[in-house]
Amino acid sequence: MAHAPQNFTVWTEIPVTDVDRAIAFYNDVFGLDLTVDNSGPNPMAMFPTADGTGIAGHIYPGTPAKAGEGPTAHFTIPDKLEDAMARAAKAGGKVVSDPVTIPAGRFAYAIDPDGNSIGLFEAIG
1 MAHAPQNFTV WTEIPVTDVD RAIAFYNDVF GLDLTVDNSG PNPMAMFPTA DGTGIAGHIY
61 PGTPAKAGEG PTAHFTIPDK LEDAMARAAK AGGKVVSDPV TIPAGRFAYA IDPDGNSIGL
121 FEAIG
């Protein structure tokens, strides 16, 4: 991948107030199949790796950052940006920017139902 940074994020954790609602949102918007792990003190919904053999992060019960104070996790989408933007709004999130074009592709900012900032990223090619 020509635009992959040398040292890049390999894990993300997203705090949510309602794990089931968040699972539905992320599955619907990104075409994922998050799996739930109940082996710890709290349930966690796991983001799969691209090949489906590992875990790339999770959703967990927690307190989301206040608007404008937390990080933004960008996720690649399985199709066109406009389609993902529509799914985000339909699934209970809110799209908060117009599409932005950069050398690696296009993205838009959105917030999930808990107010977490996310990026919807459509890669070139």
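Residues 1 to 125 in UniProt numbering are what the sequence shown lists, from first letter to last.
Heads up, the beta-carbon is just placed ideally off N, CA and C, and yes, glycines get one too.
If you're wondering where the values come from, they're calculated on a predicted model, not measured in any experiment.
{"Query": "Counted within 10 angstroms of its Cβ, other Cβ atoms place I118 as buried (16 or more) or exposed", "Result": "buried"}
{"Query": "Residue environment, N116, which counts as buried when at least 16 other CB atoms sit within 10 Å", "Result": "buried"}
{"Query": "Endpoints, beta strand (DSSP E) assigned at A108", "Result": "G105 to I111"}
{"Query": "Sequence ranges, alpha helix (DSSP H) only - wholly within the UniProt domain \"VOC\" (8-123), length at least 4", "Result": "19-30 and 81-90"}
{"Query": "Top-ranked residue by Cα proximity to I55, from L120, G70 and D37", "Result": "D37"}
{"Query": "Cβ distance (whole Å) where A108 is taken to contact L81 below 8 Å", "Result": "6 Å"}
{"Query": "Alpha-carbon to alpha-carbon, I102 and D114", "Result": "27 Å"}
{"Query": "Which listed residue (P43, I111 and T76) has its alpha carbon closest to that of A91", "Result": "I111"}
{"Query": "Check whether P43 and D33 have beta carbons under 8 Å apart", "Result": "no"}
{"Query": "Residue burial classification, A22 (beta-carbon count within 10 angstroms, cutoff 16)", "Result": "buried"}
{"Query": "I77 vs A86 beta-carbon contact at 8 Å", "Result": "no"}
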